[in-house]
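Note that the protein sequences, when read in sequence, are chains A and B. Under my numbering, the first residue of the first sequence carries the number -13, and numbering increases by one thereafter. Under my numbering, the first residue of the second sequence carries the number -8, and numbering increases by one thereafter. In this text, a Cβ means the ideal position worked out from N, Cα and C, and glycines have one as well.
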Amino acid sequence: YAYFYGRPRWMKTSPMTLSYAFSPNSMIDYIDASEIRSVFQRAFARWSSAIPVNFTETEDYFTADIKIGFYSGDHGDGEPFDGVLGVLAHAFSPENGRFHLDAAEAWSVDFDEEGSKVAVDLESVATHEIGHVLGLAHSSVKDAVMYPSLSPRTKKRDLKLDDVEGVQALYGSNPNFKYTSSLEHDTSSSNRRRT
Amino acid sequence: RILQQDPLTELAADIQNNTWHAFVKLIDAGKGSQVTGMSELKKYFQRFGYMPIPDQNFTDFFDEDLESAVLNYQKNLGLPVTGKLDDETMNEIMLPRCGMSDLVHDHSSLHTTKN
Chain A
-13 YAYFYGRPRW MKTSPMTLSY AFSPNSMIDY IDASEIRSVF QRAFARWSSA
37 IPVNFTETED YFTADIKIGF YSGDHGDGEP FDGVLGVLAH AFSPENGRFH
87 LDAAEAWSVD FDEEGSKVAV DLESVATHEI GHVLGLAHSS VKDAVMYPSL
137 SPRTKKRDLK LDDVEGVQAL YGSNPNFKYT SSLEHDTSSS NRRRT
Chain B
-8 RILQQDPLTE LAADIQNNTW HAFVKLIDAG KGSQVTGMSE LKKYFQRFGY
42 MPIPDQNFTD FFDEDLESAV LNYQKNLGLP VTGKLDDETM NEIMLPRCGM
92 SDLVHDHSSL HTTKN
């Protein structure tokens, strides 16, 4: 795992609660809003299970700690999106909270329903970008959520040990956190890469 | 090489709109070679933190700076460290990815805090 320069993190008092909101004007319309909200609830819950940080959705976009939206091309932050595939999303380090997804992607919450060859799993990308929002940079561990690339029609939703160790070093451990086998890395694929 | 049977070419064909599918023609290029489009690959490496010099007029020549970027990219992402644009490296480069830089610098616009 890695951190941004200066190792920034959210500095609210404990127990920490971060609010998040979806842009009222910059969303996609081909996935039901309730499904998008469920996807993000699950993505935030994964990180929350590892660290003593709660996430709560708010309707007030402008006062939310984390602002989520789908944008196309140049959207004013100096990092324009590039259409289908290429760059999928980006998010800013703490305590900025901006979380942008490329509206041009074929976002999917269910590959059985979304037949596009270039469909991208929204929940996997959401989980990755929340890692950036919390202060994690890209990991070199291929199986980690914080590895920078994601193939189309692929899911990478579950935190790995590398992700958990990184975020717990920033915020401490959730007292209810339990180690599970899903945290383990796929050592067979890692070994193949090293070979 | 029969390009029609190359898995990388098949991948590129599958993802016609992929911003980086044109990089497939750079496969197997190594230091000293010159291929049209190499400058775009240098921009890719600059964007993701492997060529930190800003506003450089990139050439299509596979120079030492590009070799260094390829080596750092391969080391950082757990790829075989060859310094060349081999199959595995190009496959990784062409995958869709997060827009954040891989290597942390203190001057990237995306790494600022809101102070």
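Chain B has a Cβ within less than 8 Å of the Cβ of A:Gly69.
With a beta-carbon spacing of about 5 Å, A:Ser110 and A:Lys141 fall inside the 8 Å limit used to define contacts. A:Thr42 has A:Ser5 as its beta-bridge partners, per DSSP.
Sequence-distant Cβ neighbours of A:Met(-3) in its own chain, meaning closer than 6 Å and more than five residues away, do not exist here. In this structure, B:Asp19 keeps its C-beta atom at 8 Å or more from the C-beta atom of A:His124. For the options A:Asn40, A:Leu169 and A:Glu65, the alpha carbon positioned closest to that of A:Leu87 is the one of A:Glu65. The beta carbon of B:Lys75 is closer than 6 Å to those of Gly21 in its chain, skipping five residues each way along the sequence. Taking a C-beta distance under 8 Å as the contact criterion, A:Ser58 and A:Ala105 do not qualify as a contact pair.
If the five residues before and after A:Asn40 are omitted, its C-beta is found closer than 8 Å to the C-beta atoms of Pro1, Met2, Thr3, Leu4 and Ser34, all from its own chain and listed in chain order. In this structure, DSSP gives A:Val119 a helical state, which the three-state scheme calls helix. Note on B:Lys33: 16 or more other CB atoms within 10 angstroms of its CB, so buried under the neighbour-count rule. In the three-state DSSP reduction, A:Tyr16 falls in the coil class, being neither helix nor strand. Scanning A:Arg143, A:Phe(-10), A:Gly83 and A:Tyr157 for the CA closest to the CA of A:Tyr47 turns up A:Gly83.
At a cut-off of 8 Å between beta carbons, B:Thr10 contacts chain A. In chain order, Leu86 and Pro87 make up the part of chain B whose C-beta sits under 8 Å from the C-beta of A:Ser137. Of all residues in the segment 61 to 75 of chain B, only Lys66, Asn67, Leu68, Gly69, Leu70 and Pro71 come within less than 9 Å of chain A when Cβ atoms are compared, listed by chain position. Taking the CA atoms as reference points, A:Tyr157 sits about 45 Å from B:Asp51.
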